[in-house]
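Counting along the sequence shown from 1, when you hit position 221 you're at 234 in this note's numbering, and nothing is skipped either side. Just so it is clear, CB atoms sit at the ideal spot from N, CA and C, and this is done for glycine as well. Quick caveat, the model's predicted, so the values are computed rather than measured.
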Amino acid sequence: MRVVFMGTPDFSVPVLDALVGAGHEVVAVYSQPPRPAGRGKKDRLSPVHARAEALGLTVHTPTSLRNDAAQEAFESHNADVAVVVAYGLLLPQAILDAPGNGCLNIHASLLPRWRGAAPIHRAIMAGDAETGICIMQMEAGLDTGPVLLREATPIATGETTGQLHDRLSEMGARLIVTTLANLPDLTPEPQPDEGVSYAAKIDKAEARIVWDRPATDVANHICGLSPFPGAWCEIAGERIKLLSAIAVDGNGVPGQVLRGFTIACATGAVEVTTAQRPGKKPMPALDVLNGLTLPPQLT
């Protein structure tokens, strides 16, 4: 097929590779414009942009697709289908209608649960037992289109957003190749009205840990915000990021240090397994304790 690919972050890169590897003709790649990054604040290509250039593909970085010129340029690709994954711009109807088979979105949840910007974070933070990938026919609403193909996967105890992100990225790459190979035979299934939830963008203000909650909720909060933005607590004047944890048995006042890096919660306790001090790399929690003394109680 003649494919227009639209994506921006690391999550999208395996999908682009899979499309090329399957023999599809990627006639154009759309990605977010280069943005200042790093200490020097020099413009940096998005991961998709950089990978597309390495593959010798033409990259477009419009700031909007709502003007006539952008829409005419998009239509000129004469694409059979557009594959969209974490692109970052809303697609107006003229763009959705341009490819012969429309625009297909790879969404990292079991729709209609967790429509929106942060489905992986929210699934872990909510303690969901499973999540998955949906290949969706895009329409004007936010992740409301009919689903062509879906696959579920369990969320392991202690699995972080970073780990699940990588698994779902590879799953999405595999499923979109299957979808395109079987597109004429797939029947779009409308999403049910029941079970709709929205995965709001993560706000850094959510990151501070509140110990006066059940241990499972605290552990899910820590794992769901790992590696970014990183759930944190203050210890000896430092903002320490806690990057992985599991719920364990334990009794004490919320925030009380029971042993090692095991902290009491409203019910039960959490055992922190990975942490990060300011300016340092993430490391096993016990290694962090070699240079950091925990107070009797964390606040």
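The alpha-carbon of Lys254 is positioned some 28 Å away from that of Thr166. The alpha-carbon of Ala65 is positioned some 10 Å away from that of Gly20. In this structure, DSSP gives Gly129 an extended state, which the three-state scheme calls strand.
With fewer than 16 neighbouring CB atoms inside 10 Å of its own CB, Val266 falls in the exposed class. Judged by DSSP in its simplified three-state form, Pro105 adopts coil rather than helix or strand. Listed in chain order, the non-local C-beta contacts of Ala142 below 7 Å within the same chain comprise Pro167 and Ile168, local neighbours out to five positions each way being set aside. With contact defined as three or more Cβ pairs closer than 8 Å, the stretch 67–85 and the stretch 39–46 are in contact. Between Gly281 and Leu311, the C-beta gap is not smaller than 8 Å, which leaves the two residues out of contact. Spatial neighbours of Asn114 in its own chain (CB-CB distance under 7 Å, excluding positions within 5 residues in sequence) are listed in chain order as Asp93, Val94 and Leu196.
Inter-residue distance for Ala67 and Val160 is about 32 Å (C-alpha atoms, whole angstroms). Membership of Thr170 in any beta strand (DSSP E) is not indicated, and neither H nor E is assigned to it by DSSP. When secondary structure is reduced to three states using DSSP, Glu219 falls in the helix class.
By the C-beta criterion, the stretch 205–218 is judged to be in contact with the stretch 110–128, since at least 3 inter-stretch pairs fall below 8 Å. Cα atoms of Ile222 and Gly243: separation of roughly 10 Å, rounded to the nearest angstrom. Restricting attention to beta strand (DSSP E) runs no shorter than 3 residues, the stretch 22–100 encloses them at 38–43, 48–50, 55–57 and 94–98, ordered along the chain. Sequence-distant Cβ neighbours of Leu155 in its own chain, meaning closer than 7 Å and more than five residues away, are Arg128 and Gly129.
With respect to the 8 Å criterion, Pro27 and Ser182 are classified as neighbours on the basis of their beta carbons.
The Cβ atoms of Pro295 and Leu271 do not sit closer than 8 Å to each other.
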